[in-house]
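Asks: My questions all concern the structure below.
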């Protein structure tokens, strides 16, 4: 069964003492794509995931997995696989036995344990004590646990933590292929750069609520907004020609100009017509990190307004 | 069942817990060996206590004036007095005073043989408990009240018909009342029938209890026989049955057992000892009981407490509880599965340790020439299985407190403080009898009562108090108190587990 909505949270509120950890958190994780769950530490990402798993009870709102509350699921690991804390292990238990009790709790055969160990590349370490594992191996073991029930939805909290570049590349490939299989995948990170080239969709959170819920392509397009870099030996002439078109021209370095408000083809046409020489015209590629910073810049303002409101509450 | 399977897999895949459980069993047995090795060799090899028809250790020591009865028949007698002398409790020379102990006995007896522990049925007058019919050591029924005297004597009669023996009493020898009936276990043709006198030692309850010898004398008149009586060797023969007085006390200084015939078909018989089950208390002396062989339970209990607490607190410490509850969101079911696992392991450890310890302890006792207070097989089995249940209930209590307190050290301390500590307090002589009994009624330490094999009999006077090894509650009653504590703790754990964020 592939539900239309893999994971859905609506209006989640949760207060821990004086801290409002969740403040109306609302978003949906759809199948067939990787949804990045991004925000600074303390933004409520882990708490949201704990609420989804039924570990923390929200003060208000609801969280559904495949349309049902997690705690009502029979064999829940076959509906939603999760990795919250890769360090949550009994150190003296072997990797295989750690997965074995999880398999038994779902009525899954031991064969399945060996399959996922193979899948995450831990087959050789299966009978070693998990307490001796590096953080990277623990992450792999945690992902194996999430994959154990072959679930249509996955939820991974900071899976890139402590991984070497090879491990990061492996997880990216894995996440992409899981989404390609039609699964709903939610991956949290406090570093936007980690989600570069992986996430199809982003839920950006701050202070317990969603700041932006957008497709990665739209986000980048919005921030990039037609900024073109021009390299020329006659920057003054070029600026003169282009400023007449209504575009904004900035000098970004010796012999380089940044132009916004005019597409690349039009710039080439104008300069050619005016016989201004140029070496290179390039559309500036905005990184996800830049797009995120632009968003969090907004979120900071949003945040100050929010804390002012918070005093009255 | 899946949750149970998962929890069992969890338990068996942590080597420390498996080794801890096996270690708990071995440590229990080892503790017994160390404990018995340190006991001194008993100087004079104590002969084993005789065992009654029910399998329990008995005292069977009394003066008997008897004849053989080869078939059906009856004996009737008039008891006119029961008197006696008591030795000075302080043990001073020649300090005898007159008096009878409450369960001094003078009466008539049908006994399968003169061997100690053989089946019997008896009608008797007693020092302070009126006329009684007793048979096979553990059965006791009341007849006429009051003590016999010349003015108010007591008629007693035993009638044997096949395997049945009926006891009757009367105040006038005309109107008879049946007090009870007993069945001899085998249809033996020849039984020994006659007059007997016994006098258990006087018991002083003060100062932890002590006992001092006593002797009793019964005056019998108008001994009448009917039926198939043997005529061998001039009729009546007198003698002490059971040369060793066992734990029932010997003759007071300066007195000996004996009998004389008096006018009017009468006899005067003097005797000491008792015909009764062995109980604990000041008179028991240097005998081992089954519960002393189970002393290692404490070690096993402490080790299992650590294992059971860790079984859940580790999950809190490692953050593993989140995974457990993500896999089995039904929290009470998860708790029930965990409780089932630790209870099953603890039961197996306790029952196995006890099953090994009891025969091993008996061997050690025999090797060091100590007597063993034998109990019926069913009682021994109850103590062994009870040890398993005791540990199972303690393990559940430990697990539940582990959930409630979430910290190993705190939970372990709480369990030991609730079980082992009250036991030591009550039996270590640190508390007077009254408070000690309340401690053993109310705290989880009451559960140790299930290991008690020391019998309690109304027809044997002793100090039935913690100082003698007696719990105030019955074995199952005591276990029920512990079980209630475990159930309450488990309910609290379930409630907190449901309410708290994991």
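Residue numbers (our numbering), protein chains in the order written: chain A, 403 to 715; chain B, 1414 to 1915.
Glycine included, each C-beta is placed from N, C-alpha and C at the ideal position.
Bear in mind the structure is a predicted one, so any value in this text is a computation, not a measurement.
Mind pulling the alpha helix (DSSP H) runs of 4 or more residues that sit fully within the segment 633-662 of chain A?
Replies: If only uninterrupted alpha helix (DSSP H) runs of at least 4 residues are considered, those enclosed by the segment 633-662 of chain A are 637-645.
Asks: Identify each residue in the segment 1414-1437 of chain B for which the Cβ-Cβ distance to at least one residue of chain A is less than 7 Å, and report them in chain order.
Replies: 1415, 1416, 1418, 1419, 1422, 1423, 1426, 1427, 1428, 1429
Asks: Say whether chain B places a C-beta atom closer than 8 Å to the C-beta of residue 492/A.
Replies: Yes, because at least one Cβ of chain B sits closer than 8 Å to the Cβ of residue 492/A.
Asks: What whole-angstrom Cβ distance do residue 457/A and residue 500/A have, given they're in contact under 8 Å?
Replies: Not quite, the Cβ-Cβ distance comes to about 19 Å (not below 8 Å), so this is no contact.
Asks: Give the residues from the segment 656-687 of chain A that approach chain B closer than 8 Å (Cβ to any Cβ), ordered along the chain.
Replies: none
Asks: Are residue 1492/B and residue 1607/B touching if we call contact CB-CB under 8 Å?
Replies: no
Asks: Return helix, strand or coil for residue 1533/B, following the three-state DSSP convention.
Replies: strand
Asks: Could you tell me whether the Cβ of residue 422/A comes closer than 8 Å to any Cβ of chain B?
Replies: no
Asks: Find the residues of chain B that neighbour residue 459/A, judging by a C-beta separation of less than 7 Å, and give them in chain order.
Replies: Chain B residues near residue 459/A: 1914.
Asks: Verify whether the separation of the beta carbon atoms of residue 1803/B and residue 1861/B is less than 8 Å.
Replies: yes
Asks: Determine the direct distance from the alpha carbon of residue 1517/B to that of residue 1686/B, and round the result to whole angstroms.
Replies: 9 Å
Asks: In the DSSP assignment, what are the bridge partners of residue 483/A?
Replies: 556/A
Asks: Given the structure, does residue 1708/B come close to the ligand ZN, in the sense that its CB is under 7 Å from one of the ligand's heavy atoms?
Replies: By its list of ligands, the structure shown contains no ligand whatsoever, and the ligand ZN lies outside what it can speak to.
Asks: Please go through the same chain and pick out, in chain order, the residues whose beta-carbon is closer than 8 Å to the beta-carbon of residue 1817/B, but skip the five residues on each side of it.
Replies: Cβ within range, chain order: 1824, 1902, 1905, 1906, 1909.
Asks: How many angstroms separate the CA atom of residue 1713/B from the CA atom of residue 1758/B?
Replies: 12 Å
Asks: Just to confirm my understanding: we take residue 413/A, look at its own chain, exclude 5 residues before and 5 after, and list those with CB closer than 8 Å. What are they?
Replies: 426, 427, 428, 462, 463, 464
Asks: With 16 as the cutoff for other CB atoms within 10 Å, does residue 1548/B come out buried or exposed?
Replies: Buried: at least 16 other Cβ atoms inside 10 Å.
Asks: At a CB-CB cut-off below 8 Å, which residues of chain A make contact with residue 1733/B?
Replies: Neighbours of residue 1733/B in chain A, taken as residues whose beta carbon is under 8 Å from its own, are 490, 491, 492 in chain order.
Asks: Between which two residues does the alpha helix (DSSP H) containing residue 1874/B stretch?
Replies: Where residue 1874/B is concerned, there is no enclosing alpha helix (DSSP H), given that its DSSP letter is neither H nor E.
Asks: Tell me whether residue 1883/B sits in a helix, a strand or coil according to DSSP, three-state version.
Replies: Of the three classes helix, strand and coil, the one that applies to residue 1883/B here is coil, per DSSP.
Asks: Starting from residue 1546/B, trace the beta strand (DSSP E) both ways and give me its first and last residue.
Replies: 1544-1548
Asks: Taking all protein chains shown into account, do 16 or more other C-beta atoms lie within 10 angstroms of the C-beta of residue 535/A, making it buried, or fewer, making it exposed?
Replies: buried
Asks: At the 8 Å Cβ level, is residue 553/A part of the contact set with chain B, yes or no?
Replies: no
Asks: Compare the C-beta of residue 456/A with all C-beta atoms of chain B and state if any pair is closer than 8 Å.
Replies: yes
Asks: For chain B, check one thing: does any of its Cβ atoms lie closer than 8 Å to the Cβ of residue 478/A?
Replies: yes
Asks: List, in order along the chain, the chain B residues whose C-beta lies closer than 8 Å to that of residue 487/A?
Replies: 1732, 1735
Asks: Say whether chain B places a C-beta atom closer than 8 Å to the C-beta of residue 536/A.
Replies: Judged by the 8 Å Cβ criterion, residue 536/A is not in contact with chain B.
Asks: Residue 446/A: which of 469/A, 437/A, 422/A sits nearest, CA to CA?
Replies: 422/A
Asks: Looking at residue 434/A and residue 584/A, is the spacing between their C-beta atoms short of 8 Å?
Replies: yes
Asks: Tell whether a beta-carbon distance below 8 Å holds between residue 508/A and residue 1415/B.
Replies: yes
Asks: With a threshold of 16 other CB atoms inside 10 Å of the CB of residue 1790/B, please say whether the residue is buried or exposed.
Replies: exposed
Asks: Return the residue from the list 510/A, 673/A, 415/A that minimises the CA-CA distance to residue 612/A.
Replies: 415/A
Asks: Whole angstroms are fine: how far does the CA of residue 592/A sit from the CA of residue 1730/B?
Replies: Distance between the alpha carbons of residue 1730/B and residue 592/A is about 25 Å.
Asks: The alpha helix (DSSP H) spanning residue 516/A covers which residue range?
Replies: 512-521
Asks: Of all Cβ atoms in chain A, is any one closer than 8 Å to the Cβ of residue 1742/B?
Replies: For residue 1742/B, the answer is yes, since a Cβ of chain A falls inside 8 Å of its Cβ.
Asks: If we count the other Cβ atoms within 10 Å of its Cβ and call it buried at 16 or more, is residue 1843/B buried or exposed?
Replies: Under this definition residue 1843/B is an exposed residue.
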